[in-house]
Each structure stands twice: as structure tokens, then as C-alpha cells.
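Following: one structure in C-alpha cells, then a few remarks.
Number of protein chains: 2
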Amino acid sequence: MKASGPIPPEFAARELPLAEWIAQAGSTPLYAYDFGIVRARIARLRAALPSGVGIHYAVKANPYAPLLSAIAPLVDGMDVASAGELEKVTAVMTSKSMSFAGPGKRDAEIEAAIVAGATINLESEGEASRAFAIAERLGKVPRLAVRVNPDFELRGSGMRMGGRASPFGVDASRVTALVKRIGSAGAEWRGFHIFAGSQSLDTAAISETQAATVALAGRLAEEVDSPPPLVNLGGGFGIPYFAGDVSVNVEAIGRSLGQQLDRRPTILSATRFAVELGRWLVGEAGIYLARVVDRKESGGETFLVVDGGLNHHLAATGNFGTVVRRNYPVAVAGRIGAEAEEVVSVVGPLCTPLDRLADRVALPRAEVGDVIAVFASGAYGASASPSAFLGHPAVREILVGV
Amino acid sequence: MKASGPIPPEFAARELPLAEWIAQAGSTPLYAYDFGIVRARIARLRAALPSGVGIHYAVKANPYAPLLSAIAPLVDGMDVASAGELEKVTAVMTSKSMSFAGPGKRDAEIEAAIVAGATINLESEGEASRAFAIAERLGKVPRLAVRVNPDFELRGSGMRMGGRASPFGVDASRVTALVKRIGSAGAEWRGFHIFAGSQSLDTAAISETQAATVALAGRLAEEVDSPPPLVNLGGGFGIPYFAGDVSVNVEAIGRSLGQQLDRRPTILSATRFAVELGRWLVGEAGIYLARVVDRKESGGETFLVVDGGLNHHLAATGNFGTVVRRNYPVAVAGRIGAEAEEVVSVVGPLCTPLDRLADRVALPRAEVGDVIAVFASGAYGASASPSAFLGHPAVREILVGV
Chain P
5 MKASGPIPPE
15 FAARELPLAE
25 WIAQAGSTPL
35 YAYDFGIVRA
45 RIARLRAALP
55 SGVGIHYAVK
65 ANPYAPLLSA
75 IAPLVDGMDV
85 ASAGELEKVT
95 AVMTSKSMSF
105 AGPGKRDAEI
115 EAAIVAGATI
125 NLESEGEASR
135 AFAIAERLGK
145 VPRLAVRVNP
155 DFELRGSGMR
165 MGGRASPFGV
175 DASRVTALVK
185 RIGSAGAEWR
195 GFHIFAGSQS
205 LDTAAISETQ
215 AATVALAGRL
225 AEEVDSPPPL
235 VNLGGGFGIP
245 YFAGDVSVNV
255 EAIGRSLGQQ
265 LDRRPTILSA
275 TRFAVELGRW
285 LVGEAGIYLA
295 RVVDRKESGG
305 ETFLVVDGGL
315 NHHLAATGNF
325 GTVVRRNYPV
335 AVAGRIGAEA
345 EEVVSVVGPL
355 CTPLDRLADR
365 VALPRAEVGD
375 VIAVFASGAY
385 GASASPSAFL
395 GHPAVREILV
405 GV
Chain L
5 MKASGPIPPE
15 FAARELPLAE
25 WIAQAGSTPL
35 YAYDFGIVRA
45 RIARLRAALP
55 SGVGIHYAVK
65 ANPYAPLLSA
75 IAPLVDGMDV
85 ASAGELEKVT
95 AVMTSKSMSF
105 AGPGKRDAEI
115 EAAIVAGATI
125 NLESEGEASR
135 AFAIAERLGK
145 VPRLAVRVNP
155 DFELRGSGMR
165 MGGRASPFGV
175 DASRVTALVK
185 RIGSAGAEWR
195 GFHIFAGSQS
205 LDTAAISETQ
215 AATVALAGRL
225 AEEVDSPPPL
235 VNLGGGFGIP
245 YFAGDVSVNV
255 EAIGRSLGQQ
265 LDRRPTILSA
275 TRFAVELGRW
285 LVGEAGIYLA
295 RVVDRKESGG
305 ETFLVVDGGL
315 NHHLAATGNF
325 GTVVRRNYPV
335 AVAGRIGAEA
345 EEVVSVVGPL
355 CTPLDRLADR
365 VALPRAEVGD
375 VIAVFASGAY
385 GASASPSAFL
395 GHPAVREILV
405 GV
């Protein structure tokens, strides 16, 4: 038997309105995003953060349009990673609060960002040159920030994005020269974007990284001799996926950040700060629901075959950036919290051994027609999965609790 | 530096008609599938296999419609894994040559298969019951084969699908009872589908598995006391992806299979056999082409950022069923075979460290605007990737050499 991950507290003792959700979606398989949970996360973070620190939503975590619309009024900015995401966000946000990060921005994407008035987080000197040329052709003043590849990394992070050679951002040692070029080119310098990692559950490490980020921003600002209007501190707050995972303490993070900002370098005194979060805001609000199509025995083991899997939820099958496959939190949807009666593996309908949503977990007995819930599925789910693989129907998505 | 995989011989000393392909596709990034290579693979396999052993195409490897149309006249059957794939195949094949395997077939899929006259490879007793009921409701005689979970596995295979508890097929010990139920229900029994693994480069292991498969089919047929019309031997022929990988010897496989069939149990004397291949037929015929958008230095390393990556070609980034990330064969498309001048990493445009197409490979120097080719990309590429992730444009596909 292998452990299942922890069910988010909001769902642990709750009867899901399954029939209603499935009717709303039209059928299983589906993702349901509970906006009540997202709203509560934003409110909790707001209360925890020092005043003047904004909350940005990283659209890549979940770009479902109704979710974006609902989030927009509650946050201070949205950060996109492509022209496609930019287009979705322009429908719900004003231009001042958008920023665009990502290596390999194509010319058409840079143009779209300039036209929309979004801040472009420059990833290289070459990208800067292209942005200057495109802005000149358009007769526009581009808003440009510099994405910094920091000389430290976020400890305990699922994906390290700093402290090493990286395709992301400009090495800290070359940032000053680039900011000066932005000024000389007559562009509007918007500040720094400094992202050291993601999916860390280590509260102290997140605070240390934020402290290092504020210090780095101060050092760079002094080198540039100009205060950055905004410093995007990145995010990196993880959520519990696997047995033993414990949530980050955002109140502690907020207190620590407040102390850091109280003693920040003078040159940053008028600077605004923001955290950019995706997964932490929406991840635990999402549930993936798939219906048992077959229940079968093989080699002494029991398999529940459900009507969606890897094609909708790659990450839950352990095939997206994880080295060791572990079980997401799962339950029989109608009986969350009920006593386990058997050990089963939950597999999807794809003809590949990779398609396993839960490996030998203890669950109450489920029959054909029952629905299996995979929790912690609100981020990097539907949009991060190979939906066309093997030609099964696309997953449906609904937003509830708005 | 890390090694690049071996460039397929058909491309190793060839100037690609890059401009023509990109014009045909409309832009990069794109997949080009060279049908000349597919045709040659099929012809080579035909010549190698004993007469009477059919060739089936596993659509899941690459369901691109023009490719299916071109393959259809050259093979003896197509095997699908969903109603979606079935629909594509019915457009290009007659019903007799289609089979449908996959756990978790929904009732609507079983119905579609029966209506189309496709053979359903039954994955469980429960699926059989549902098929009987649906056929009765439709007033049709269903064609049913039994997918057998063999009691052996294909050695050296990238994905083992036999020899253990499995969601695929019916354990060998229960097959006889199920075949008898098929007869009693008045359905047409089509035989066995026995699939022990995939992506093996071990020629001897493939031959041993085929021998074991023929023997198992004979044993089961004797238990059933009825000759199976068809035995689908599965596939499992791998292709070289990584440094040191060597192609399988299909001529040796064919000779060995001929010997096995010459001495097969009498009960199989009128049985037809087929191999079901996807990757081996189309994998090496495909190239993924992406254009360099940025060339940047960080921490002493050089990165080529190209306009597509993980969103189009998940497997090449090492995030699809591989534990250790290794490099696919890559080249600067205009200069295949040219001398290496530098060590670079090729990364896609996604804002995640997972998006790396090649890690520290030696290449001739490439500049912004050059095109990078990733070879061995004809199978499990476009359709097996999270195309919506981060909102970048979908990849384009073209078939050439028809």
C-alpha cells in the first residue's frame, strides 16, 4: 500500500455536490474549481502580507477564463507567459497590471505586449534589442522590466530557477548595464522580476529567499542609481501534494517580509513590491473527477479504470517534472473521509502503463459508476496535460462557489 | 557536455528542404513526417516477416490524418485506442481491419466499435458483459478478441505491459472462461491480442517474446478447444533515441518468427498472425523543427531559446515516462553533419526549467533565425504533448515524400 496525499481541509469533511457539478459540466471527467477557496486564499494572503505588497496571479497555473474573470478584481496584477495568455488577460484586466515573462518571446508577442501596455520582463539583452526596435516601429514607449537570474536559489523548491546557469532572466552581474540601455533607449523602466524557484513547502526558505531578493533588488538599484518602480519577488509557495507535505505558513512569511521591507535600502523606499503566485492561490481549490468505467482484478491486485487520466491530469500520474511517482490526494467522491476497505490502483483509460492516477491506495470500496476525486488539482492540470493523446474527449471545466 | 542521440541514417547526410517545408507548414515550429521513410520501413518489415504475418499500425503513435491515409493501403490493419481514433480510421480503412484496445472503454465507445464492425480487444470480464448488452440492444453480432495479460514480459522494454498485475487485458489464467462466454453469447470470437511491452531495442528479447506469445496463444487455444482466427502478437520494436542505442534487427526477428510459426501448435495452423507497430513504423520518419528566437549566455553556458518545446514535444524534454533525462538526436537543421563548434542547451519558450530539448550538446554555432531539428520525433510527439500549456500556438504538421 502507498499513502495518498493530504486532502485539502476545505474538502476533507465535506459532501461534494457531485450530481450538481456533473450536471453543470455535462459529464465526467471534469475539473471543478471552487472559487470560495481561491477567495479565501487571497484574503488570507492579503491579511498576511505587509501593506503595499501586491498580489499577482501567475496565469500559467490555471488560465481557465471564468477563473481569470473571478480572480481579476481581487488581485493587483496578472502575469502571463505568452501572447495567448496575454489575450485572455486583456479581456479581464487593465493594461497597467499585466506583465509578460518567458524566454523565447517571438517578435509578434513582444509587439502584442507593447500594444497592450503590458510590462515585458526582459529575459536577455537580445530580447531588449528586439523590444526597442519593435517599439520604435510602433511609435510606442515600451514598459520594460528586467528579469534577474538571481545568484541564489529557493531551497526545497520543486523547480529551482536561480543560482545557476539558466535560460530565465539576465545574470545579476549584467543587469545594471541592461537597465541603463533601457533608459538610453527612451523606454519606461518598470523594475525587476526576480524568481528563484517554485513549489517550496519550506516557510523559512521562502522568507530567506524573499530577504535575499529584496537585498539583491537594493544592490542592483544602487548600481543602476535609480529606484525600481516595482520589484516582483516571485512566488514559490508550494501546496501539499503528497503524504507528509505540510502547508507553508503565509502569516510567518508576511511577518518576515514586513521586517525585511522595514529595513530595506533607502533607494527602495518608494518601490512597490509584489508576490506572484499561481499554484498557491488556485491549486487546492481544484478537484479532478473521473468516473469508474471498470473494476478489474489482475495478479491479485484491484484496478479501478476511470474515464480520464494522463490525458487530463499529467501531473497526478507523476509524469510532469517528478522523479519519484507519489500519490496525489484521492478519494471516492461520494465518501470522502469514509473508512478504507481495500487497496486499489486508479488508472485512466489510456493504453499506457504511465496512466496511473493512484498507485495502491486504501479507499472505501468503489463500484463501476462511482466517481473518484483527485484533489490539489487546480493548478497545472487541464492546461498542462496532453489532451489529444489517444483521441479521448477533452476534459470539462467548471467554476463553482463564485 | 552530453551526447546527442543518433540521427536516423536517412537524415544523417541529407540537406533538408527547410524553406520548402516551412513554407508548406506556414511557419515554425513544425513536425515534418517523411512518408518515404515510412514506406521503406513497411516494405522492409514486409520482406522480413514470414508470409501470412500481417502488419498493423498502432494509431496512437501518430494519428495525423494525412499520415493515416497514406499508411492505410500499405498495412493489413489499424489498431485504435479510443472512439476518437476509431473515427479517424474509419475514414481511411474498411471495418474488418480495425481493432480497438484500451482499458476503460466507455459504453459509447463500445457501441461505436460494434457499429463500425471493429474488433474489440476485451480488457476485462466486465467489459465483455457491457459489450454483450450493447450488441444485443443494437441487434448486432459484435467481433470480440481477448486481450491477454501474458505471464511474461518483454525484456529491455521501455514500458513493460506483461508479467505482472496490470490494468491491460485479462490474466492468462482467466482467458479460457472468457472466450467460452463469448461463444455462448453468440458473439464472433476474433482471437487474442497479446502485448508484452514496447520500445525494446533487444532483438533477441523481441524474438523470445514472440515465441512465448505464440506458445501462449497455442496453449490458450487448446484450453478453449477452438482455433483463434487472429493472434495479434503486439509490437515492442524500439527505435534509437539516445547515444549508444542500436536499431533492432527486423530481419532476424522475421527469421525467428518464421521458425516459431513453422513449428506452431497444430491448433494454430489456420490462424493468422499480425504484429502491431507504431513507433517503429513512423518514429524515425518525423522531425521536429523549431527556430532560434534568442541566443543567450548565463553562468558561462550558452542557451538557444527556440519557438517551441515541451508544449509540442514532451518526450524530447524527458518528461514522458523517462526516469533519466537524455538527449534526443538534434542538429542545426541547415548543417546536419557539420562539425560541432560549441556546447549549447536548446530550450523551449516555456517558463519552466522542464522545457529543455537538448542539454549541453555539441553543435555548429547557431544564430537567431536558425532552425534546430529534433529527430526521432515521428511517434508520441505532437499528440502526446500538452499543447495548451502556457498558451503558445499549436504546432503545425506536414507530411512530405508521399
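Chains P and L supply the protein sequences, listed in that same order. Here the first sequence is numbered in this note's numbering, starting from 5 and rising by one per residue. Here the second sequence is numbered in this note's numbering, starting from 5 and rising by one per residue. We treat Cβ as the ideally placed atom computed from N, Cα and C, and that holds for glycine.
Item, Value
"Among P/Val334, P/Val327, P/Thr326, the one whose alpha carbon lies nearest that of P/Lys294", "Here residue 294 of chain P turns out to be Ala, not Lys, going by the sequence shown. The option with the nearest alpha carbon to P/Ala294 is P/Val334."
"With 16 other Cβ atoms within 10 Å as the buried cut-off, status of P/Val406", "exposed"
"Simplified DSSP assignment, three categories, for L/Arg369", "coil"
"Neighbour-count burial assignment, P/Asp311, 16 or more Cβ in a 10 Å radius", "buried"
"Contact set between P/His396 and chain L, taken where Cβ atoms lie within less than 7 Å", "Ser86, Gly88"
"P/Gly9 to L/Gly325 span [Cα, whole Å]", "21 Å"
"Residue environment, L/Thr321, which counts as buried when at least 16 other CB atoms sit within 10 Å", "buried"
"Coarse secondary structure for L/Leu314, derived from DSSP in three states", "coil"
"Proximal chain L residues relative to P/Glu305, where beta-carbon distance stays under 7 Å", "Ala169"
"Beta carbon proximity, P/Leu72 to chain L, threshold 9 Å", "no"
"Buried versus exposed call for L/Gly143 [16 or more other C-beta atoms within 10 Å across all chains shown]", "exposed"
"Per-residue DSSP class, three states only, for P/Val150", "strand"
"Buried/exposed call for P/Thr270, threshold 16 Cβ in 10 Å", "exposed"
"Residues, ordered as in the chain, of the segment 129–145 of chain L that lie near chain P by beta-carbon distance below 7 Å", "Gly130, Glu131"
"Enclosing alpha helix (DSSP H) for L/Ser211 [first to last residue]", "207–228"
"Closest by C-alpha distance to P/Leu205, when choosing among P/Phe246, P/Val79, P/Val375, P/Leu182", "P/Phe246"
"Minimum Cβ-Cβ distance from L/Ala386 to chain P less than 9 Å", "yes"
"Start and end residues, alpha helix (DSSP H) containing P/Arg330", "Neither: P/Arg330 is in no alpha helix (DSSP H) and is coded neither H nor E."
"Minimum C-alpha distance to L/Phe156 - residue among L/Leu403, L/Glu212, L/Ala62", "L/Glu212"
"Per-residue contacts from P/Gly160 into chain L (C-beta, under 7 Å)", "Going along chain L, no residue has its Cβ under 7 Å from P/Gly160, so there is no contact; the nearest lies around 15 Å."
"Contact set for P/Arg299: own chain, Cβ-Cβ below 6 Å, skip 5 residues either direction", "Leu308, Val372"
"Within-9 Å CB hit, L/Pro154 to chain P", "no"
"Sheet register partners of P/Ser349 (DSSP bridge)", "P/Phe307"
"Sequence-distant residues of the same chain with beta carbon closer than 6 Å to P/Phe393, five excluded per side", "Asn315"
"Residues in the segment 332–366 of chain P having any Cβ partner in chain L nearer than 9 Å", "Ser349, Val351, Gly352, Pro353, Leu354, Cys355, Thr356, Pro357, Leu358, Asp359, Arg360"
"Residue-level contact to chain P via CB, L/Leu403, 9 Å cutoff", "no"
"L/Glu255 and L/Thr306 closer than 9 Å at C-beta", "no"
"Rounded distance between the beta-carbons of L/Val183 and L/Val150, thought under 8 Å", "6 Å"
"Proximity of P/Ala76 and L/Gly395 at Cβ, strictly below 9 Å", "no"
"Residues bridged to L/Gly82 (per DSSP)", "In the sequence as presented, Gly is not what sits at residue 82 of chain L; that position holds Met. Beta-bridge pairing links L/Met82 to L/Tyr61, L/Met102."
"Chain-ordered neighbours of P/Lys300 on chain L, where CB pairs are closer than 9 Å", "Pro107, Glu127, Ser128, Glu129, Gly130, Glu131, Pro171, Val174"
"Own chain, CB closer than 6 Å to P/Gly40, minus 5 neighbours either side, in chain order", "Gly405"
"Nearest-angstrom beta carbon gap, P/Leu224 and P/Val279 [assumed within contact, 8 Å]", "The Cβ separation is near 19 Å, so there is no contact."
"Cβ of L/Arg110 within 9 Å of any chain P Cβ", "yes"
"Collapsed DSSP secondary structure at L/Glu301 in the structure displayed", "strand"
"Contacts that L/Ala117 makes with chain P (C-beta to C-beta distance below 7 Å)", "The contacting residues do not exist; L/Ala117 stays about 13 Å from chain P at best."
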